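The structure appears below as structure tokens.
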Amino acid sequence: MSFHSWLQRLQSALAQNRGQRQHRRRGSPRAAMYRPSLEVLEDRLTPSFGWGGYLSEPPPGVEWAPPPPLFADFTSDGILDRLSNSFGWVAVEPGLGDGSFGDPIISDLFAGSLAVADFNGDGRLDVVGANAAVWGPDDAFGGVQLGRGDGTFYGLEYFGVPWDPWAIGTVDVNADGQMDVVIHGNVYDPGYPYSREAFEVLINDGNWPPRPRSLRIGNATVTEGNTGTTAANFTVTLSEASTETVTVAYATGNGDAFAGSDYQAVSGTLTFAPGETSKTITVQVNGDRLGEPNQKFVVNLSNPTNATISDGYSEGTIVDDEPRVRISDVTQSEGLKGQKSLFTFTVTLSAAYDEPVTMSYRTVNGTAKSSEDYLSKSGTLTFAPGETTKTITIEVKGDSKKEANETFYLDLFGLSGNALFTKNRGLGTILNDD
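Per our numbering, the very first residue in the sequence shown carries number -5; after that it's consecutive.
Laid out in structure tokens, this is it:
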């Protein structure tokens, strides 16, 4: 069939089914449980995909989407991202440029069959999906989300689809320069004794809403310091400049870092004047001399005006800068009877410090026994300011027994509060050489 005759057939189908469009788009009320806030979402947008009828064979030139995952640049950085189904929802995993992918960005489009195209002509990739019916023929639905170019989407719109969609594809069926959608599946038709195979056409009328400006906040990492405060700066960006004033509220929240002791809580409102696209939230982090793991707090955005929030959650990481302490392991032969072997364990600080760092140590039996195989030892170790290495020597007794290799331990404990252990047990392995 030629494109011209196919187009005439399509126009005829459009005329015959024009009165059915609203019914087809809304479907059964039972579908609302799978289409959250359907009426609100539909009222939010002017419908842009209109039902174009069913065909018995696909339109020429249709490109059928492969099953997920799909690979395309959704984040506008020139690197392919991965689009997939994550627990039934559309997820964009940003490509990192080395063949791996970052954490998924989850959208609220319930994912079935998926296709990708620029439906609104803004140069950013959009996603359209079709989902099979669960409760009945009118329960199937499809949806489209428009890409912001950062891996997130907006403007969710729902429409009716065949009750059992098999595949989804894209093609400019009416040669108007706008990409349309074709869905291949089973159609419930009261005029047939059973369901029938068909190709549903959805015509893109180009009447898409303007792209809403969106706000997102980045993470921040700061080294805490020993005294005073250090600024952790969080950058909030507006996707594009606005002619209106944009505002958004912000507030800090505890993670395993706590306001007052670890950082100073802040809250307020950011105001983007017309033309501005970037603002900074500054959180003061308290310095101390406590050896502790790195800690996190959060900054959240809320209540925007004249914009939406695409990413309103951020983490502030407080990097502890007190030195880390670790002890080495030692493996050595025991020697012959009457001889002794010296096992020297090295204790290191990760960085020189401006205060003394102290700790205690002691030997602990393993399969090797003190007095019989080695001489027990305990004491105190002190790193003077600027020192980073100390040694502890344990005397091991040689013998003439044929026996398995034996072990003992050298434990560090009682560390001063201005440092943190990363490895506080050294393993001594006595190799039998008889």
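Glycine included, C-beta positions come from ideal geometry on N, C-alpha and C. Computed from a prediction, not measured in an experiment: that's the story for all the values here.
Option nearest residue i by Cα separation, candidates the options
i: A243; options: S327, V293, R419, E270; result: V293
i: D250; options: E286, Q333, E234; result: E286
i: G408; options: L330, Y368, T376, K384; result: T376
i: V56; options: A111, R76, K363, V165; result: V165
i: G47; options: Y148, V175, D71; result: V175
i: M353; options: F415, K363, Y148; result: F415
i: A126; options: A259, Y182, S78; result: Y182
i: R419; options: L425, S410, G411, T401; result: T401
i: E218; options: T311, R142, G136, I177; result: T311
i: L49; options: N168, E191, L369; result: E191
i: G422; options: T357, E381, S372, K395; result: T357
i: L196; options: T274, V167, T215, S344; result: V167
i: A267; options: R283, N300, S255, A259; result: N300
i: V324; options: T215, L404, P350; result: L404
i: K417; options: N213, T265, I321; result: I321
i: E366; options: A346, A345, G392; result: G392
i: G222; options: G254, T382, I424, T231; result: G254
i: G141; options: D116, A134, G163, I162; result: D116
i: K384; options: S364, F339, I424, N412; result: F339
i: E238; options: T215, T271, T224; result: T271
i: G380; options: S410, D348, G411; result: D348
i: R207; options: A169, S189, T274, V230; result: V230
i: V110; options: V351, N288, S78; result: S78
Coil, strand or helix - residue i by DSSP
i: V155; result: coil
i: Q461; result: Coverage of the chain is limited to positions -5 through 428, which leaves residue 461 absent and any answer about it impossible.
i: L409; result: coil
i: I194; result: The amino acid at residue 194 is misidentified as Ile; the sequence shows Glu. The answer is strand: DSSP assigns E194 an E or B state.
i: W160; result: strand
i: Q139; result: strand
i: R283; result: coil
i: V341; result: strand
i: K396; result: coil
i: A66; result: strand
i: D75; result: strand
i: Q278; result: strand
i: Y182; result: coil
i: L369; result: coil
i: E33; result: A caution first: E33 carries a pLDDT of 30, below 50, which makes its placement in the model too unreliable to give a value.
Same chain, Cβ closer than 8 Å to residue i, neighbours up to 5 away in sequence not counted
i: S42; result: F113, N114, V138, E151, N198, D199, G200, N201, W202
i: T263; result: T241, V242, A243, Y244
i: Y257; result: A226, T246, A251, V277, Q278, V279, N280, F291, G310, I312
i: A398; result: T361, N426
i: S31; result: Unreliable positioning characterises S31 in this predicted model, as indicated by a pLDDT of 29, which lies under 50. The coordinate reading is nonetheless provided below. The answer is none, since no qualifying residue turns up.
i: Y368; result: F337, T357, A362, I388, E389, V390, K391, F402, G422, I424
i: N213; result: F228, S308, E309, G310, T311
Chain-order list of residues whose beta-carbon lies under 6 Å from that of residue i (same chain, five-residue window excluded)
i: G179; result: P156, D158, P159, W160
i: G269; result: A235
i: T265; result: T241
i: L406; result: I321, M353, Y355, N418
i: Q172; result: N198, G200
Sequence-distant residues of the same chain with beta carbon closer than 7 Å to residue i, five excluded per side
i: G247; result: F291, V292, N294
i: G106; result: G123, A124, N125, A126, P159
Buried/exposed call for residue i, threshold 16 Cβ in 10 Å
i: V84; result: buried
i: P53; result: buried
i: P317; result: buried
i: I211; result: buried
i: G44; result: buried
i: I100; result: exposed
i: H17; result: With a pLDDT of 30 at H17, under the threshold of 50, the predicted position of this residue should be treated as unreliable, though the coordinate-derived value follows. Looking at its Cβ environment, which holds fewer than 16 other Cβ atoms inside 10 Å, H17 is exposed.
i: A378; result: exposed
i: E51; result: exposed
i: P466; result: Residue 466 cannot be examined here, being either before or after the span of the chain that is shown, -5 to 428.
i: Y307; result: exposed
i: L330; result: exposed
i: L209; result: buried
i: E194; result: buried
i: G145; result: buried
i: P23; result: Its pLDDT being 23, under 50, P23 is placed unreliably in this model, and the coordinates cannot settle the point.
i: Q333; result: exposed
i: G373; result: exposed
i: A413; result: buried
i: T411; result: Reading off the sequence, residue 411 comes out as Gly, not Thr. The residue in question, G411, is exposed, as its Cβ has fewer than 16 Cβ neighbours within 10 Å.
i: T215; result: exposed
Expected contact under 8 Å - CB spacing of residue i and residue j to nearest Å
i: E227; j: T276; result: In the sequence on display, residue 227 carries Asn and not Glu. That belief holds up - the Cβ atoms of N227 and T276 are roughly 5 Å apart, short of 8 Å.
i: A59; j: L108; result: 6 Å
i: L336; j: E389; result: 6 Å
i: R118; j: F95; result: Not confirmed; about 19 Å, so no contact.
i: A124; j: G143; result: Not quite, the Cβ-Cβ distance comes to about 24 Å (not below 8 Å), so this is no contact.
i: V121; j: F153; result: About 14 Å; that fails the 8 Å criterion.
i: G93; j: I73; result: Wrong, their Cβ atoms sit about 10 Å apart, outside the cutoff.
i: N288; j: D315; result: Between D315 and N288 the Cβ distance is about 10 Å, and since that is not below 8 Å, they are no contact.
Proximity test, Cβ basis, 7 Å: residue i and chain C
i: E328; result: Among the protein chains of the structure shown there is no chain C, as only one such chain exists.
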